[in-house]
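Residue numbers (the numbering used here), protein chains in the order written: chain A, 1 to 328; chain B, 329 to 654. Just so it is clear, CB atoms sit at the ideal spot from N, CA and C, and this is done for glycine as well. Here the structure comes first, spelled out in structure tokens, and everything after it is commentary.
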Amino acid sequence: MSFLRVNNLEVTFELRSGGVQALSDVSFSLERGERLGIVGESGAGKSVAAFAILNLLSRPGRITAGEVMFEGQDLAKLTPKQMRTIRGNRIAMIFQDPMMTLNPVLTVGQQMVECLQAHRQISQKDACTIAIRKLRQVQIPSPETRMDQYPHELSGGMRQRIIIAIALLMDPVLIIADEPTTALDVTIQAEIMDLLLDLCESNNVGLILITHDLGVVSQVTEKAIVMYAGRIIEIGPTKEIINDAQHPYTQGLIKALPQQTLPGHRLNQIPGSMPSLQGIPAGCAFNPRCDFVMDICKQTLPEFTASGGCSVACHMVKVMKDQARQED
Amino acid sequence: MIAFLIRRLFQAAIVMFVISLLSFSIQDNLGDPLRELVGQSVSEEQRQELRDQLGLNDPFFTQYLRFAGKALQGDLGTSYFFKEPALQVILKKLPATLELVFGATLIIILLSVPIGVYSAIKPHSLFSKAVMGLSIVGISIPVFLTAIMAIYLFSVELNWLPSFGRGVTEHVFGYWDTGFFNMDGLLHLLLPCVSLASIMLPLFVRLIRAEMMEVLESEYIKFAWAKGLAPTRIWFLHALKNTMLPVITVGGVQIGTMVAYTILTETVFQWPGMGFLFLEAVNRVDTPLIVAYLIVVGAIFVVTNTIVDMIYGLVNPTVRLTRSKA
Ligand SMILES: Nc1ncnc2c1ncn2[C@@H]1O[C@H](COP(=O)(O)OP(=O)(O)O)[C@@H](O)[C@H]1O
Ligand SMILES: [Mg+2]
Numbered sequence: 001m002s003f004l005r006v007n008n009l010e011v012t013f014e015l016r017s018g019g020v021q022a023l024s025d026v027s028f029s030l031e032r033g034e035r036l037g038i039v040g041e042s043g044a045g046k047s048v049a050a051f052a053i054l055n056l057l058s059r060p061g062r063i064t065a066g067e068v069m070f071e072g073q074d075l076a077k078l079t080p081k082q083m084r085t086i087r088g089n090r091i092a093m094i095f096q097d098p099m100m101t102l103n104p105v106l107t108v109g110q111q112m113v114e115c116l117q118a119h120r121q122i123s124q125k126d127a128c129t130i131a132i133r134k135l136r137q138v139q140i141p142s143p144e145t146r147m148d149q150y151p152h153e154l155s156g157g158m159r160q161r162i163i164i165a166i167a168l169l170m171d172p173v174l175i176i177a178d179e180p181t182t183a184l185d186v187t188i189q190a191e192i193m194d195l196l197l198d199l200c201e202s203n204n205v206g207l208i209l210i211t212h213d214l215g216v217v218s219q220v221t222e223k224a225i226v227m228y229a230g231r232i233i234e235i236g237p238t239k240e241i242i243n244d245a246q247h248p249y250t251q252g253l254i255k256a257l258p259q260q261t262l263p264g265h266r267l268n269q270i271p272g273s274m275p276s277l278q279g280i281p282a283g284c285a286f287n288p289r290c291d292f293v294m295d296i297c298k299q300t301l302p303e304f305t306a307s308g309g310c311s312v313a314c315h316m317v318k319v320m321k322d323q324a325r326q327e328d
Numbered sequence: 329m330i331a332f333l334i335r336r337l338f339q340a341a342i343v344m345f346v347i348s349l350l351s352f353s354i355q356d357n358l359g360d361p362l363r364e365l366v367g368q369s370v371s372e373e374q375r376q377e378l379r380d381q382l383g384l385n386d387p388f389f390t391q392y393l394r395f396a397g398k399a400l401q402g403d404l405g406t407s408y409f410f411k412e413p414a415l416q417v418i419l420k421k422l423p424a425t426l427e428l429v430f431g432a433t434l435i436i437i438l439l440s441v442p443i444g445v446y447s448a449i450k451p452h453s454l455f456s457k458a459v460m461g462l463s464i465v466g467i468s469i470p471v472f473l474t475a476i477m478a479i480y481l482f483s484v485e486l487n488w489l490p491s492f493g494r495g496v497t498e499h500v501f502g503y504w505d506t507g508f509f510n511m512d513g514l515l516h517l518l519l520p521c522v523s524l525a526s527i528m529l530p531l532f533v534r535l536i537r538a539e540m541m542e543v544l545e546s547e548y549i550k551f552a553w554a555k556g557l558a559p560t561r562i563w564f565l566h567a568l569k570n571t572m573l574p575v576i577t578v579g580g581v582q583i584g585t586m587v588a589y590t591i592l593t594e595t596v597f598q599w600p601g602m603g604f605l606f607l608e609a610v611n612r613v614d615t616p617l618i619v620a621y622l623i624v625v626g627a628i629f630v631v632t633n634t635i636v637d638m639i640y641g642l643v644n645p646t647v648r649l650t651r652s653k654a
């Protein structure tokens, strides 16, 4: 039994113009303490995937197929009450923009204590002690004073540390971090990322790290998923994906990394942009931007082809694999 | 806190200055005070002499300074009709009006918060849709119509509630006549308060609903859900507190405005308050009384706004009264 196993997950947004699928046929698994990166352009469905795992999608979005097996139960089928015992307790989430994530009218202490008290019988005093200990763990200076402060009195980096501390309060087994450093100054991005990695490693906490930065994924995670227009297009060990990407889209993402560009040259961006959910082309969603496009790409959805440790949804990769097999 | 109060007092002074200037111009232009003071038999020379004596021929500015000087000492002139100091006449009616406004405010708060919050939490429920529809109707019905319909239904047809006057009142603190401490007084308050409240209630419900729905979409509310908090805590603490910030600001102004609406309500219900008195004063061209009314209403406006600002400061941590610059 896997620790977390997502099977054929599908999320639909019921819009007035009709239903659109923000997530289609998403499957992956995670072992305890393992770290998984999810990359893709903005709008690829990364955040939707994160919220779907926690069963936190709000109208008009909902899970329309598939399951989220976590510690033996399907989170997609739990009642709201059962789900509350998972959220913030077994699985914690870290949001993108620390300036918006904390409630502006409640103190840091209030926002930490309430989380502890929601999940266990604990006195105010004991909860404060734990909260202060967690604040110390995320290296916040003079945590006792922070407890009485309001979010607006703290910097962005400090707030993200506090949010990480909140995520750690109940000693979760899995943390989902949705672009945890995107909104921060470049100088503190690495600091926060290191801290998060450190804490996950030392506490054997699983991590799903959502980012559009392949560089971060290669430093932090063991496994990676590349998403495009609501689907997984490539999944496998991070090292393989970075060093030997198969899907033309993934290859494009890697070529676009700043360290892959010669100094003084423009970044190698993939021409075109990702389609909106209403305008996904037939066949492979990437086909209009693909350099290797074939006729079949415009007609049928590519199936997953195993390539090394990776699975790739690409017709060209399949053709090449088949040829290689025939030559053997 | 001190800085806040000083700044507030300064603002209040400016507001009161403007009101006094306005009031004074009205006094200057409304009717001839002499006609009220002396009879028809007085000759024109005697009139001119009286005018000089009373300073009515002095330049506008001199007259205003004299008026303002007296006003600062609480002397707003003598009511022509009651032959008593105008301020005293008005202040005697103040409790009746304030109780009306207070009762209406209470009704508004007690109804609009739960209704607004519920219809924001369940925006697709039948209840929420009914509230939205009714509030549109409510906004478009004029007060006097609501009042008259209420009187017809509850007083005339059903005979449940009294339709005019304050009923039994009790004397408290040596000054205040209150209807809040006995059944008869409360029953008399009910219809006028409900009518007055009905003007603002739909507005408040819609405002609270709209603000709350916006807050419920915010990141910090999503984060609160992700923490596994109970819905009641998220709705009534996390969301409501943020919802109330803009509502308090708007609400403060609206409650101040409500004092103006009491003129209508008091007239329909024969409520012996300032508004009723004011209308009588207008009919009698009792200028000192009109001026006194305007100034007292201005003062109420300033005071409610100050109180509202203080409450806002207490709820919103980003506004620190103690640290604000004057
Ligand atoms: N509340 C919503 N209503 C309608 N569509 C939505 C909503 N939230 C997300 N979507 C759709 O899902 C797509 C993926 O969004 P998201 O997961 O936030 O992308 P990202 O990969 O940048 O995190 C968006 O392009 C949008 O079309
Ligand atoms: Mg996102």
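Item                                                                                                                           : Value
Partner residues on chain B for Gly88/A, Cβ-Cβ distance less than 7 Å                                                          : Ala554, Lys555 and Gly556
Burial state of Leu337/B (16 or more Cβ within 10 Å)                                                                           : exposed
Chain-order list of residues whose beta-carbon lies under 8 Å from that of Pro315/B (same chain, five-residue window excluded) : Residue 315/B falls outside the range modelled here, since chain B spans only 329 to 654, and no answer is possible.
Below-8 Å beta-carbon distance, Arg537/B vs any chain A residue                                                                : no
Partner residues on chain A for Glu547/B, Cβ-Cβ distance less than 7 Å                                                         : Phe95, Asp97, Met100 and Thr101
Asp97/A CB to nearest heavy atom of ligand 2 below 7 Å                                                                         : no
Stretch pair the stretch 516-535 of chain B + the stretch 20-40 of chain A: three plus CB contacts closer than 8 Å             : no
Glu10/A, DSSP secondary structure in three states                                                                              : strand
Lys46/A CB to nearest heavy atom of ligand 1 below 7 Å                                                                         : yes
Residue nearest to Trp504/B in terms of C-alpha spacing, selected from Phe604/B, Val346/B, Lys421/B and Ile628/B               : Lys421/B
Simplified DSSP state of Thr79/A, which is helix, strand or coil                                                               : coil
Pick from Thr585/B, Ile437/B, Glu485/B and Ala554/B that is closest to Ser329/A, judged by C-alpha positions                   : An answer regarding residue 329/A cannot be provided, because it is not within the stretch 1 to 328 covered by chain A.
Chain A contact for Pro645/B (CB, 8 Å cutoff)                                                                                  : yes
Leu207/A in three-state terms, based on DSSP                                                                                   : strand
Strand pairing of Thr305/A, partner residues [DSSP]                                                                            : Val312/A
Cβ-based contacts, 7 Å cut-off: residues of the stretch 512-523 of chain B near chain A                                        : none
Delimiting residues of the alpha helix (DSSP H) encompassing Ala224/A                                                          : Not the alpha helix (DSSP H): Ala224/A falls in the beta strand (DSSP E), residues Lys223 to Tyr228.
Asp244/A in three-state terms, based on DSSP                                                                                   : coil
Best match in Gly66/A, Asp198/A and Glu153/A for proximity to Tyr137/A [C-alpha to C-alpha]                                    : In the sequence as presented, Tyr is not what sits at residue 137/A; that position holds Gln. Gln137/A has its Cα closest to that of Asp198/A, out of Gly66/A, Asp198/A and Glu153/A.
Within-8 Å CB hit, Lys550/B to chain A                                                                                         : yes
Extent of the continuous alpha helix (DSSP H) run through Ile418/B                                                             : Ala414 to Ile449
Proximity of Ala330/A and Gly206/A at Cβ, strictly below 8 Å                                                                   : Because chain A is modelled from 1 through 328, residue 330/A falls outside the range shown and cannot be assessed.
Check: Ala538/B C-beta below 7 Å from any heavy atom of ligand 1                                                               : no
Beta-carbon contacts of Val113/A that lie in its chain and below 8 Å, excluding the five residues immediately before and after : Gln124, Ala127, Cys128 and Ala131
The stretch 50-63 of chain A: positions lying closer than 7 Å to chain B by Cβ                                                 : Leu54 and Leu56
Status (buried if at least 16 other CB within 10 Å, exposed otherwise) for Ile330/B                                            : exposed
Contacting positions in the stretch 569-587 of chain B - beta carbon closer than 8 Å to chain A                                : Lys569, Asn570 and Leu573
Coarse secondary structure for Ile38/A, derived from DSSP in three states                                                      : strand
Reference Leu36/A, options Cys115/A, Met227/A, Glu191/A and Pro60/A, closest by Cα                                             : Met227/A
In DSSP terms, what Ile94/A is bridged to                                                                                      : Ala177/A
Range of the contiguous alpha helix (DSSP H) that encloses His119/A                                                            : Val108 to His119
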